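Visitor:
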Amino acid sequence: MFNQAPFKIAFKVMDKLHQNGFEAYIVGGAVRDYLLQRPVHDVDITTSARPDQVQALFPKTIPVGIEHGTVIVREENTNFEVTTFRSESGYSDYRHPEQVHFETSITEDLKRRDFTMNAIALSIDEEIIDPYNGQIDLKENRLMTVGDPKIRFKEDPLRMLRGLRFISQLGLEMPKELENTCQSLGHLLKNISIERIYQEFTKLLSGEDLQKAFHILLSSHIYEYLPYLENKSIECQQFSHLPLKLLNCDEERWCTLIIQLKVKDITAFCNAWKMSKRKKNWLIRHTGIYERQKNLKWTKESLYLSGLSAALSVERLKKVFQKSSEQTDDDIKALWKSCPIHNRKDLHVNGNDLSTWLNRKPGPWIDKLLTEIEKEVLYERLLNDHEEIRNWVMSFV
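For the sequence shown, UniProt numbering assigns the number 1 to the initial residue and increments by one for each residue that follows.
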């Protein structure tokens, strides 16, 4: 039954634990996704073995969270988080439990989980352990917490946003009671690091049921505690109706949000969300190209300045907002292919050549002249040849 590759290897890990007298179960997202007939990627295992006992049994381990009972076991080039049965108490920082107690039963371990669909375990005999009726909630397309939602959300307020992420990704419904709890406790998100919020929100943006998640994000007023969304309810509502499935990556989805919100200072926006420098630069560049190109066709020059990858990304953004485009991806690729050069390195001359030919010291003039040469070569008014360019430069200057 559970014959997908990650499960087959996980069962080998579990079998070794069983052979040495320990219980072991697959838990969490892997079981949930299998029941939903979704692709299974990471498989987590929970066990009665203590971390030191797990490390003693397997030759390749990484102690990523010993204090919380977690060890990564590497088996057949695959990583598995193996965590000791545990219960938790005290969340003064709204994330980490102040006390972790190692337990001896899978049912005690499942009590600490966030949502019922994530509190389902699978035994080595392929028996489903489901004390909180997560399968029923999945069947009825319902998001439910394990126990009192107020307790679960106060332990870690990020679970509210995580719930919305599951709604976006899985198309679940949120019962009104749960939505009301989110509304009453949404302010607790102010205690959560922006880095963690950013990670969840990025996953939320990738879901096929984004509109459903954003509806609750707005009606529960959670958006008021997220950077740059505080006073943007109308813009957020409009954003959720955009066909984001046309986009290829997280960066393009964030670009679309920035455009929809009409963000003027993209640097400040990215800094507020604690984005990496690489992602910030990507968003600034691609949003800028979009603003320049949104009402224009691609020419050799604009395509050359943007690059093919950026142009295709921007074209997807244009389709999200404009629904149609005069140029297809094949048109743009063909135009790119017709360009005699694709970047300055393709030129058969460089700044040193110009400095030598004109007997001038290097300076800003070199960049300006190279730009002119690029344009002439790009439109095939000048052959990309060392001598041809030299003759042009000497006559041009």
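For each residue, glycine too, the CB sits at the ideal point set by N, CA and C.
This structure is a prediction, so every number in the text was calculated from the model and none was measured.
Suppose the cutoff is 7 Å on Cβ atoms and the five residues either side in sequence are ignored; what does the same chain contact list for W273 look like?
Guide: I194, Y198 and P227
Visitor: Along the alpha helix (DSSP H) that carries L172, what are the first and last residues, could you check?
Guide: Looking at the DSSP string, L172 is not in any alpha helix (DSSP H), and its letter there is neither H nor E.
Visitor: Less than 9 Å separating the beta-carbons of V377 and L354?
Guide: no
Visitor: Taking the alpha carbon of T83 as the point to measure from, which residue in A49, L35, I234 and D130 has its own alpha carbon closest?
Guide: A49
Visitor: Using a Cβ-Cβ cutoff of less than 8 Å, which residues in the same chain neighbour V13 once the five nearest sequence positions on both sides are dropped?
Guide: A24, I45, F58, V73, E75, F80 and V82
Visitor: Find out if the Cβ-Cβ distance for the pair L189, L218 is shorter than 9 Å.
Guide: Cβ atoms of L189 and L218: not closer than 9 Å.
Visitor: For Q53 and H101, what's the separation of their Cα atoms in angstroms?
Guide: 16 Å
Visitor: Keeping to the same chain, check which residues put their C-beta closer than 6 Å to that of E326; ignore five residues upstream and five downstream.
Guide: K297
Visitor: Using C-beta distances below 8 Å, list every residue in its chain close to L143, excluding the 5 sequence neighbours before and after it, in chain order.
Guide: F115, M117, D137, G163, F166, I167, L172, E173, M174, P175 and L178
Visitor: Determine the burial state of T70: buried for a count of at least 16 other Cβ atoms within 10 Å of its Cβ, exposed for fewer.
Guide: Burial call: buried.
Visitor: Go ahead and pull the three-state DSSP assignment for N384.
Guide: coil
Visitor: Could you tell me which of Y304, K300, D250 and R112 sits nearest to K280, measuring between CA atoms?
Guide: It is D250.
Visitor: I124: which of W254, I366 and K16 sits nearest, CA to CA?
Guide: K16
Visitor: Give a yes or no on whether the C-beta atoms belonging to F239 and T267 are separated by under 9 Å.
Guide: no
Visitor: Look at the alpha carbon of N191 and the alpha carbon of L161, and state the distance between them as a whole number of angstroms.
Guide: Between N191 and L161, the C-alpha separation is close to 13 Å.
Visitor: Figure out for me which residue from G134, I9 and V64 has the closest Cα to the Cα of V31.
Guide: With distances taken between Cα atoms, V31 lies closest to G134.
Visitor: What residue range does the beta strand (DSSP E) around R74 cover?
Guide: T70 to E75
Visitor: Quick one: grab the DSSP three-state call for G122.
Guide: It should be pointed out that residue 122 corresponds to Leu in this sequence rather than to Gly. Residue state, collapsed to three classes: strand.
Visitor: At what residue ranges does the region 20-83 contain a whole run of the beta strand (DSSP E), taking only runs of 3 or more?
Guide: Runs of the beta strand (DSSP E) lying entirely within the region 20-83 and spanning at least 3 residues, in chain order: 24-27, 44-47, 61-65 and 70-75.
Visitor: Assuming D330 contacts E315 under a Cβ cut-off of 8 Å, what Cβ separation, rounded to an integer in Å, is found between them?
Guide: Actually they do not touch by this definition, with Cβ atoms about 11 Å apart.
Visitor: Leaving aside the five residues before and after L247 along the sequence, list all residues of the same chain whose C-beta is less than 8 Å from its C-beta, in chain order.
Guide: Excluding residues within five positions, the ones whose Cβ falls inside 8 Å are R253, T256, R316, L317 and V320.
Visitor: Can you give the Cα-Cα distance for F7 and V43, rounded to whole angstroms?
Guide: 7 Å
Visitor: If we ignore side chains and look at the alpha-carbon of each, how far apart do P51 and A121 end up?
Guide: 20 Å
Visitor: What residues in its chain sit with their C-beta under 7 Å from that of I66, if we drop five residues either side in the sequence?
Guide: P51
Visitor: According to DSSP, is S309 helix, strand or coil?
Guide: helix
Visitor: Determine which residues share a DSSP beta bridge with T145 and list them.
Guide: F115
Visitor: What residue from I289, Q183 and D148 has the CA that sits closest to S220's CA?
Guide: Q183
Visitor: Could you tell me which of G147, V40 and L383 sits nearest to A10, measuring between CA atoms?
Guide: V40
Visitor: Less than 9 Å between the beta carbons of R390 and V349, yes or no?
Guide: yes
Visitor: Do T107 and P131 have their beta-carbon atoms positioned less than 9 Å apart in this structure?
Guide: In this structure, T107 lies closer than 9 Å to P131 by Cβ.
Visitor: Do the CB positions of G186 and I234 come within less than 9 Å of each other?
Guide: no
Visitor: Could you tell me whether the Cβ of R86 comes closer than 9 Å to any Cβ of chain D?
Guide: Looking for chain D here will not work: only one protein chain is present.
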